[in-house]
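What follows is a short report on a single structure.
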């Protein structure tokens, strides 16, 4: 395995476009892989557009009636024709005089006089393009907004997890000895605790809700796989001639670790990154089920699926379908892209 | 159908009732539990001194293990009861093969257990500060480490084998209700001592059922107690057709009729709903999330279900759900923008209360299965006033105008600041669950409509309760379910000295407290009701609570279930029910 | 060999200590105080203090940690704070149901995924291969929550092939009647990712020199697959399954909750909700030990099957 020939082949050739250009060509030839790249990029555009508020910025507006069906189904015949949501209740008839004075009585009486006669009413759509949720919010817009959140969670958490895994793995693999022992110990502690408890534990430590928490939970628990692979790579590479050569010209440890070796293991990291994005997008759903999802200001596919659980029994399938389809399309494309990427970067595995 | 064999009536082991619990039980030691589901099973296994008439509404006390209702003397300070002779505990190895008769001493022992520090009973408050000498005994136990059950106690006397005399420190007209609580059923000292720490899974009682097999937090199987004293179904129906129908079917029969009750714990609504639909369960009420699939809008059963012979039993639970505001000026070391009784602060609380979309909560979150609460005492509980209308209407426009008037100026982002110019952020606390997420959303929508910025505080339930008891939550939606059907159980929620226990708004009003103290010395009646109305109005004027709703309980019954109607206080109606053979069996 | 096993077992100690400290810090220090939950509807300072004293949470952290270490050493975690049941009894009664569902699920899904993976590895590069792989990717991209919701609704309720949920007392009844649908769901969920993973194991072997040699000797492709590739690819597959098992014990909570199976995962969620620290501690430690032991077994298995593997 560790023959002289392979070592030669993997010597760094900084000026030559080698690996990456070849990989790009191979990826371009892989039609499925390329198509999935396009889908992933489209999703990225959607995410950026939504994040910038260009689309679905008004996702939280209640434009339809509660559970308005999708337009192609027509309005729900069984639903009450008029939304029984009054702009205001009639002012409470003052209970019998109990001799207790309301300090706000005068102010309220004046306000009522001022407001008398002014009436407001808003009408709500009986159907929406792909239906409405329980508050009457457009499910399509929610799905777009959910795409933004879920992708953000997946990408950032994966970046965090892979970053941690790479840094830890590089230290452990490069230095070996005590450092390696320490990181290995840390690794085995983390992998020995049941994942569910680890998640609940970190959630309890963070003790806050919101997108950032979800990212941290996933990122802080998900670094172990990358760690193992990167550590193995660094162990392999640190004894290679090019690293010894770098040592000879006086490169520091961190230079050798990240300037010299890292480019040669970056394909492993990149594949790990794309695999983790997929994994974390799916994990977010489970976190939502456990009550550690995103905050109330925003929406994610996980929060939509959890809302949709009982809606399905009520016959309101659209939110479940919207979130499932949006998620399945991205996750499929991303997985296929990750496969193609791995094949392109590591043609021996084909 | 007509020829019901009356004489041979006895619990039929072939009659198996399948029911579900939505959450795991804790166990079946009466002094050690506080959750609803454990209490339900305990009610079937143990006999309290008193119980309630199955059909009478509002709930009416009737004797159970006692021969008659207590004789109350010395201005409701002394309660005397006589225990029926010949009631026996279910056989248990702890009795060493001997028949064990229920005596007055068993009740005295069972009551003492609530204050034993080693038991750490969550329902100790029922007896704390009430029975002469008992608190002192508990205090001694704390220092000595052992509760002296044999010590003579002036407050709990058994002059003979069957007589129990309870002496209270203060007059208390509600004490009979305490004696009717299922948790105050009699346990046998030998059994409790024999099972040590594991009393939860070895309940030994005198009630209609006994524990047959038990897989904790999964499956509980009860079987009819063959030695049960043989209660006869004898209740007078009220003026409703259903009550009369039930009475016709059940009158004169020897109880219990159902030989076996199998309880499964099912957390997920989909599982419970599909299980009922597939006739895997016989009755199910924990389905409010999917109510529109089987309920019509006017509260009836959808025709496709009625055609299958499925029956619906509908009643309002004796509970209130309310939004409370912390009325203290400071929370910890932070100023509380909601607290205090200055006009601006009351105006802010009032505005939030007026902007909260109660109607959306009932219509959308509860799927219409709740009624707006107008009075702090829910229907079916003594002291409820059906004519009282809440003085806090839903009116976001007036709420906005009120805030404008009291100097809560909106900033450029549309959110208001405090009158002194400091930023205004209201904190609302809830647990991290999908159910509570809906309330967060509703609160957010409501406060957006008056330009008040909301921060959601999430914590696990035990932590929320801890903070609440330290008066450190600003605002939370809380439920209160009647422990016993008397208004006092609700009005104490706002009594100043109860801050840190049940007064979660930490409301301290001398006017309220003075009236509450007077009300405690009065029996249920117009005089007490007048005080309750004044107290309610005080709470409204100070805007301590927003009363939101009481939920309907819609119980679906398979066609073969007979005699069920939800009792406002009792929870395991299994004793009074029957099952017909299933079609095809 | 024995020396290796002993050394690896000795290495359990620091790992276990790390687990103990981590769990202790997280759940004791930062996690919940169960006293308020146990104190009921009307807690007062005395009852809270009384409960805290009885649970021992009023003692210093050092003492509590020492108690925890002793519990790990003796394997006796005392009684549940919420229910007073012995923790060992909780674990003993929950393990059976978990295994009744998990073991058949793992066996079936592994066998099916192996068959599928071998087929597509054999047909590697063909249209069938690509179609199945894309199908697997799509199948894998749908959340397990959706699978459970839909399969329970359709197979159990609409078609009535299975009970919607439940758990009995007999082994056969549980396995054949109540576990059937949960096993189906588990297999459906894990089939796609397993097939993809195992395919890569097969391909790895197919590209090995010895396979090329076998082919060069004139061995038929089918024989190469059945004799050489299958045997060698089976090793990573079996170890992969072994390593998965402890995680699944606590991780199958979704299936357990929807199908009312009294398993470990459901118990963990309940324990966390109730701040039932003794149960949390026990489950963590047991699962950690199971993880370490199975990892060791997996390494030994490697060694037994492939003498070239060096045990270090």
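Protein chains in written order, with this note's numbering: chain A, 1 to 350; chain B, 1 to 585; chain C, 1 to 312. Even glycine gets a Cβ: it sits at the ideal position worked out from N, Cα and C. Computed from a prediction, not measured in an experiment: that's the story for all the values here.
Look at residue 204 of chain C here: in three-state DSSP terms it is helix.
Of all residues in the region 271 to 285 of chain B, the ones placed with a Cβ closer than 8 Å to any Cβ belonging to chain C are 271, 274, 275, 277, 278, 280, in chain order. In chain order, 500 place their CB closer than 6 Å to the CB of residue 469 of chain B, counting only its own chain and leaving out the 5 sequence neighbours on each side. Within the DSSP bridge table, the entry for residue 163 of chain B names B/82 as partners.
Straight-line spacing of the CA atoms in residue 215 of chain B and residue 75 of chain A works out to 48 Å.
For residue 40 of chain B, no CB of chain A lies under 7 Å from its own CB, so it is not counted at the interface with that chain. Taking one beta carbon from each stretch, the region 276 to 284 of chain B and the region 10 to 30 of chain B have 3 or more pairs nearer than 8 Å; the two touch. Residue 175 of chain A has a beta carbon lying at 7 Å or more from every beta carbon in chain C.
Within a 10 Å sphere around the beta-carbon of residue 237 of chain A sit 16 or more other beta-carbons, which makes this residue buried. Checking the DSSP bridge columns, you'll see residue 547 of chain B partnered with B/322.
Against residue 126 of chain A, chain B offers no close residue; the least beta-carbon distance is about 16 Å (beta-carbon pairs closer than 7 Å). Residues of the region 456 to 472 of chain B that bring their beta carbon within less than 9 Å of a beta carbon in chain A comprise 456, 457, 458, 459, 460, 463, in sequence order. Under the DSSP assignment, residue 269 of chain B falls in the alpha helix (DSSP H) whose first and last residues are 269 to 277.
Taking a contact as a CB-CB distance under 8 Å, the pair residue 555 of chain B and residue 321 of chain B does not count as one, their CB atoms being some 19 Å apart. With respect to the 7 Å criterion, residue 102 of chain B and residue 206 of chain B are classified as neighbours on the basis of their beta carbons. Within a 10 Å sphere around the beta-carbon of residue 523 of chain B sit fewer than 16 other beta-carbons, which makes this residue exposed. By alpha-carbon distance to residue 503 of chain B, the top candidate from B/531, B/483, B/545 is B/545.
Take the alpha-carbon of residue 323 of chain B and the one of residue 115 of chain C: they are about 59 Å apart.
DSSP places residue 379 of chain B in the coil class of the three-state scheme, outside both helix and strand. Contact residues of the region 192 to 206 of chain A toward chain C are 192, 193, 194, 195, 196, 197, 200, 201, 204, 205 (C-beta to C-beta distance below 7 Å).
With a cutoff of 7 Å on beta-carbon distance, residue 145 of chain A and residue 299 of chain A are scored as near each other. By the CB criterion at 7 Å, residue 277 of chain A and residue 305 of chain A fall outside the cutoff. Along the length of the region 262 to 288 of chain C, whole alpha helix (DSSP H) runs at least 4 residues long occupy 264 to 273, reported in chain order.
Within the DSSP secondary-structure output, residue 184 of chain B pairs in no beta bridge.
With a minimum length of 4 residues, the unbroken runs of alpha helix (DSSP H) contained wholly in the region 61 to 105 of chain C fall at 61 to 74. Counting every other CB atom within 10 Å of its CB across the protein chains shown gives residue 384 of chain B a total of 16 or more, marking it as buried.
Neighbourhood of residue 282 of chain A in chain C, by CB distance below 7 Å: 143, in chain order. With respect to chain C, the C-beta atom of residue 337 of chain B has no partner C-beta closer than 7 Å. By the beta-carbon neighbour count (other beta carbons within 10 angstroms, threshold 16), residue 133 of chain C is buried. Within chain B, no residue has its beta carbon less than 7 Å from that of residue 292 of chain C; the closest one is some 28 Å off. If you look at residue 152 of chain A, you'll find it isn't in any beta strand (DSSP E); it sits in the alpha helix (DSSP H) that goes 139 to 175. Cα atoms of residue 61 of chain B and residue 90 of chain B: separation of roughly 25 Å, rounded to the nearest angstrom. By the Cβ rule, the region 188 to 207 of chain B counts as touching the region 75 to 87 of chain C, because three or more pairs are nearer than 8 Å. Separation of residue 291 of chain C and residue 247 of chain C (C-alpha to C-alpha, rounded to the nearest whole angstrom) is 8 Å. Sequence-distant partners of residue 32 of chain A (beyond 5 residues in either direction) whose C-beta falls short of 6 Å from its own C-beta, in its chain, are 336.
Nearest Cα to residue 296 of chain A within the set A/211, A/226, A/227, A/262: A/211.
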